[in-house]
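Under this note's numbering, the residues of the sequence shown are numbered -3 to 618, in order. Every residue gets a Cβ at the ideal spot worked out from N, C-alpha and C, and that includes glycine. It should be emphasised that the depicted structure is a prediction, and the values quoted were computed from it without experimental measurement. Let me begin by presenting the structure, written as structure tokens, before commenting on it.
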Amino acid sequence: MNPKVFKFLESSALPPKEVDKLIVSAFIEINGLNLINNQLLRNYSISKRKSTKREKLLQFIEIVQSEIEDFNIEKLIELFEFVISPSDRIVNGAIYTPSEIREYIVAQTFRNQRNNLSEVTIADIACGCSGFLYNSAKELRRITGNTYQEIFQNQIFGLDIQEYSVTRSKLLLSLLALSEGEDVEVFHFNIHQGDALLFNWQEHYSDFDGFQIVVGNPPYVSARNLDDNAKENVKLWEVCTTGNPDLYIPFFQIGYENLAENGILGFITMNTFFKSLNGRALRNYFEERNAGIRIVDFGTNQIFKSKSTYTCICFLENSKRTYIEYYKSEHKELPTNRNQYSRINYRNLDAKNGWNLNDNEIISRIEAVGKPFGEKYKTRHGIATLKNDIYIFKPVEEDENFYYLQNGIVHPIEKGICKDILNSNKLSRDINFDEVKEKVLFPYDGEIKPKALEEEILKEQYPYAYKYLKKKKEDLAKRDKGKGKYEKWFAFGRTQSLEKVANKLFFPKFSDRIPSYLISNDDDLLFYNGQAIIGHSEEEMLLVKKILESRLFWYYIKTTSKPYSSAYYSLNGTYIKNFGIPEFTEDDIDFLINEPNQNIIDAFLEDYYDVQLNEELITEPI
-3 MNPKVFKFLE SSALPPKEVD KLIVSAFIEI NGLNLINNQL LRNYSISKRK
47 STKREKLLQF IEIVQSEIED FNIEKLIELF EFVISPSDRI VNGAIYTPSE
97 IREYIVAQTF RNQRNNLSEV TIADIACGCS GFLYNSAKEL RRITGNTYQE
147 IFQNQIFGLD IQEYSVTRSK LLLSLLALSE GEDVEVFHFN IHQGDALLFN
197 WQEHYSDFDG FQIVVGNPPY VSARNLDDNA KENVKLWEVC TTGNPDLYIP
247 FFQIGYENLA ENGILGFITM NTFFKSLNGR ALRNYFEERN AGIRIVDFGT
297 NQIFKSKSTY TCICFLENSK RTYIEYYKSE HKELPTNRNQ YSRINYRNLD
347 AKNGWNLNDN EIISRIEAVG KPFGEKYKTR HGIATLKNDI YIFKPVEEDE
397 NFYYLQNGIV HPIEKGICKD ILNSNKLSRD INFDEVKEKV LFPYDGEIKP
447 KALEEEILKE QYPYAYKYLK KKKEDLAKRD KGKGKYEKWF AFGRTQSLEK
497 VANKLFFPKF SDRIPSYLIS NDDDLLFYNG QAIIGHSEEE MLLVKKILES
547 RLFWYYIKTT SKPYSSAYYS LNGTYIKNFG IPEFTEDDID FLINEPNQNI
597 IDAFLEDYYD VQLNEELITE PI
């Protein structure tokens, strides 16, 4: 949507109804629609008599005509979605769905019900301004010849939590009908205001036995942005019993359980449920029911302009299947035939540990080798001070006794209370140790499992460090929103990863390419932000390093891990724990550790795993 149009509406500071009147009136006048009978549209039309409202409308029309070449219904949908307040977007997850996605989902679900379209019932249970219902109604009108009055009254159903969205849905559909010459005094709509997590369709329609089609774009609200009521309501659903579910997850169960026999659901939604902990119960729900699922996975391709998300289209049929149909869209292309999908049997999927849908056969082969990574090696996250800017620093200078810490003013800190520390997240690039090494003020004793120093000892032995921490006491108390319970007021926020460990392999949590892996046998060296593998010997760490630096392992990460912005992938323990580690012979280990040529190592490992990776599969993003 053109920013000048939106800016005008924003600057007007009008309530939702007055904004809607401007938009509806502008649409009618610009498109030369002949409005005579429709009461709803007449109530939202600004008269042609001279008035302040009329002047504002003419200003708005002028801006729209100068900025929008064709102010059609699609632009109207986009505009309605854009005038939703930012706070509502966060809480309710409203987002504009591109027309080509809506058209595709509607077309595919209609194909499934092609013998029944004259009487088919279609619902969007989080309809927003009803872009999906618009496409559905328009297509029903074209295919069946039913009037919009018949379609709205008998075939189209909607639900949204916001009253203004319900109103805009009715306005949009009324304008669709008017634009095609159907000017009815009163349309009878089945569009309701309510919370989908609680709404019971049976209470509104006594003969309700499910919809033949459910379509839509479930709300994009992360668990952390849910209010207390929503968090409680989400728990009512079976698919929300693991992790902290995002709001889109229960909509699968709600939609599926409101399908008629042999009905079909079509959603554009997040693809994180494939692998995430909060998607485990949903995956189990599908597997237990042998649900018929078709998935178009967009991977890291961005579908929504206004939001960085990783999405897929899911078609869910109310019929039994022993397999999932899966299509990986490389360039946002959309499959038109079912033979373009690969079939993955449910028995080859693992609800608990996540679904490996992309190149399932290869991934299964990799995971079947030897023992899972998570059983052989321990992975740790770095220390958590909860106030890194107070504890971690690059000395601005040093002398024989002190490092000098710049935090507001320069503070001398005794060298004896400091340790080396590195930010292993920086290892996503080829960086040497000296570049990532910093100092951390470490107010703990020197035991293998350190305990916070007694305050008197800290004050006596390290008076300058104590003086500095004392100045920061108020800031330290604000950690955990002031509710934290710490060993000492000056101790770190968490006790993780403080103990001394000799053999560590550091690596980042996220990377967009094969990262650097750094080995250290310094038991005093600490790390933060990233993660480390703990080993028994340097030889063991060298072997792991060679495996993790291989293109085979990076292919596994790209295929199975959760993607993030800018084509970064997670290397969190959740996503590497199932990677198979062979029981190498001593000769194999010796070869891998000492072979300097990475291409030779890659070929050796791919042969060992019986996996042939072509250039397309292993090409790293730039």
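Can you tell which of the options has the C-alpha that lies nearest to the C-alpha of residue i?
{"i": "Val509", "options": "Val210, Arg220, Trp550 and Lys466", "result": "With the sequence shown as reference, residue 509 is identified as Arg, and Val is not the correct amino acid for it. Checked all of Val210, Arg220, Trp550 and Lys466; the closest Cα to Arg509 is Trp550."}
{"i": "Ala22", "options": "Lys0, Thr48, Arg45 and Phe67", "result": "Phe67"}
{"i": "Leu243", "options": "Asn254, Ala461 and Thr265", "result": "Thr265"}
{"i": "Ile405", "options": "Pro391, Leu449 and Asn254", "result": "Pro391"}
{"i": "Ile291", "options": "Glu74, Phe300, Asn335 and Glu534", "result": "Asn335"}
{"i": "Phe294", "options": "Gly259, Leu330, Gln104 and Asn286", "result": "Leu330"}
{"i": "Ser8", "options": "Ala256, Glu51, Ile596 and Asn384", "result": "Glu51"}
{"i": "Asn39", "options": "Thr93, Leu167 and Trp351", "result": "Leu167"}
{"i": "Lys447", "options": "Lys496, Arg107, Lys435 and Leu465", "result": "Lys496"}
{"i": "Lys554", "options": "Tyr571, Leu538, Ile543 and Leu539", "result": "Tyr571"}
{"i": "Gly478", "options": "Ser43, Phe575, Gly370 and Leu382", "result": "Leu382"}
{"i": "Tyr160", "options": "Glu77, Ala192 and Arg220", "result": "Glu77"}
{"i": "Lys17", "options": "Lys3, Glu199, Leu53 and Asn593", "result": "Leu53"}
Output the boundary residues of the alpha helix (DSSP H) element that contains residue i.
{"i": "Pro459", "result": "Pro459 to Lys467"}
{"i": "Tyr201", "result": "Unbroken run through Tyr201: none, as it is neither H nor E."}
{"i": "Thr117", "result": "Neither: Thr117 is in no alpha helix (DSSP H) and is coded neither H nor E."}
{"i": "Ile405", "result": "Run containing Ile405: none in the alpha helix (DSSP H); it sits in the beta strand (DSSP E), Ile405 to Glu410."}
{"i": "Thr620", "result": "No answer is possible for residue 620: it lies beyond the span of the chain, which begins at -3 and ends at 618."}
{"i": "Phe311", "result": "Premise fails: Phe311 lies in the beta strand (DSSP E), Thr307 to Lys316, not in any alpha helix (DSSP H)."}
{"i": "Ile42", "result": "Note, Ile42: premise wrong, no alpha helix (DSSP H); not H, not E."}
{"i": "Ile61", "result": "The sequence shown places Gln at residue 61, not Ile. First-last of the alpha helix (DSSP H) with Gln61: Thr48 to Glu63."}
What first and last residue would you give for the beta strand (DSSP E) that runs through residue i?
{"i": "Arg290", "result": "Ala287 to Asp293"}
{"i": "Gln298", "result": "That residue, Gln298, is in no beta strand (DSSP E); it is neither H nor E in DSSP."}
{"i": "Asp156", "result": "Ile152 to Asp156"}
{"i": "Val432", "result": "First-last for Val432: Phe429 to Val432, but that is the alpha helix (DSSP H), not the beta strand (DSSP E)."}
{"i": "Ile320", "result": "Tyr319 to Lys324"}
{"i": "Tyr440", "result": "Per DSSP, Tyr440 belongs to no beta strand (DSSP E) and is neither H nor E."}
{"i": "Ser424", "result": "Where Ser424 is concerned, there is no enclosing beta strand (DSSP E), given that its DSSP letter is neither H nor E."}
So what's residue i in DSSP terms, helix, strand or just coil?
{"i": "Val607", "result": "coil"}
{"i": "Gly212", "result": "strand"}
{"i": "Ser83", "result": "Model confidence at Ser83 stands at a pLDDT of 48, short of 50, so the residue's coordinates are unreliable; what they give is reported in the following sentence. Helix at Ser83."}
{"i": "Phe619", "result": "The first residue shown for the chain is -3 and the last is 618, placing residue 619 beyond what the model contains."}
{"i": "Asn229", "result": "helix"}
{"i": "Pro391", "result": "coil"}
{"i": "Leu255", "result": "strand"}
{"i": "Leu330", "result": "coil"}
{"i": "Pro11", "result": "coil"}
{"i": "Leu613", "result": "Reliability of the predicted coordinates at Leu613 is poor, the pLDDT of 49 falling under 50, and the value obtained from them is presented with this limitation in mind. Three-state result, Leu613: helix."}
{"i": "Cys125", "result": "coil"}
{"i": "Asp416", "result": "strand"}
{"i": "Gly89", "result": "With a pLDDT of only 46 at Gly89, under 50, the local geometry of the prediction cannot be trusted, and the value read off the model is given with reservation. Gly89: coil per DSSP, three-state reduction."}
{"i": "Ala663", "result": "Not covered by the structure: residue 663. The range shown for the chain is -3 to 618."}
{"i": "Val217", "result": "coil"}
{"i": "Lys435", "result": "strand"}
{"i": "Leu(-1)", "result": "Contrary to the premise, residue -1 reads as Pro rather than Leu in this sequence. If DSSP states are grouped into helix, strand and coil, Pro(-1) belongs with the helices."}
{"i": "Arg475", "result": "helix"}
{"i": "Phe580", "result": "coil"}
{"i": "Tyr337", "result": "coil"}
Quick check on residue i: buried or exposed, where buried means 16 or more other Cβ atoms within 10 Å of its Cβ?
{"i": "Lys367", "result": "exposed"}
{"i": "Gln492", "result": "exposed"}
{"i": "Glu616", "result": "Interpretation of Glu616 is limited by its pLDDT of 43, a score under 50 that renders its predicted location unreliable; the figure taken from the coordinates is listed afterwards. With fewer than 16 other Cβ atoms within 10 Å, it is exposed."}
{"i": "Glu24", "result": "The question names Glu, but residue 24 in the sequence shown is Ile. When all chains shown are included, Ile24 counts as buried."}
{"i": "Ile358", "result": "buried"}
{"i": "Ile618", "result": "Residue confidence is low: Ile618 scores 29 on pLDDT, short of 50, so the model does not pin down where it sits. Its coordinate-derived value is still stated next. With fewer than 16 Cβ atoms within 10 Å of its Cβ, Ile618 is classed as exposed."}
{"i": "Lys433", "result": "exposed"}
{"i": "Gln527", "result": "buried"}
{"i": "Ser83", "result": "Unreliable positioning characterises Ser83 in this predicted model, as indicated by a pLDDT of 48, which lies under 50. The coordinate reading is nonetheless provided below. Exposed: under 16 other Cβ atoms inside 10 Å."}
{"i": "Ile86", "result": "Because Ile86 sits at a pLDDT of 43, beneath the cut-off of 50, its placement in the model cannot be relied upon, and the point is left open."}
{"i": "Asp203", "result": "exposed"}
{"i": "Gly89", "result": "Any reading at Gly89 must be qualified, since the residue scores a pLDDT of 46, below 50, and its modelled position is unreliable; no value is offered."}
{"i": "Pro459", "result": "exposed"}
{"i": "Thr332", "result": "exposed"}
{"i": "His327", "result": "exposed"}
{"i": "Ile97", "result": "buried"}
{"i": "Tyr92", "result": "buried"}
{"i": "Trp485", "result": "exposed"}
{"i": "Gly378", "result": "buried"}
Cβ of residue i versus every heavy atom of the ligand ADP: is any distance shorter than 7 Å?
{"i": "Ile530", "result": "Absent from the structure shown: the ligand ADP. Ligands present: none."}
- request: For the region 342 to 374, list the alpha helix (DSSP H) runs that are entirely contained and at least 4 residues long, ordered along the chain.
  value: With a minimum length of 4 residues, the continuous alpha helix (DSSP H) runs that stay inside the region 342 to 374 are 356 to 364 and 369 to 372.
field: Continuous beta strand (DSSP E) assignments of at least 3 residues falling wholly in the region 478 to 557
entry: Fully enclosed beta strand (DSSP E) runs of 3 or longer: 499 to 503, 514 to 516, 522 to 524 and 527 to 531.
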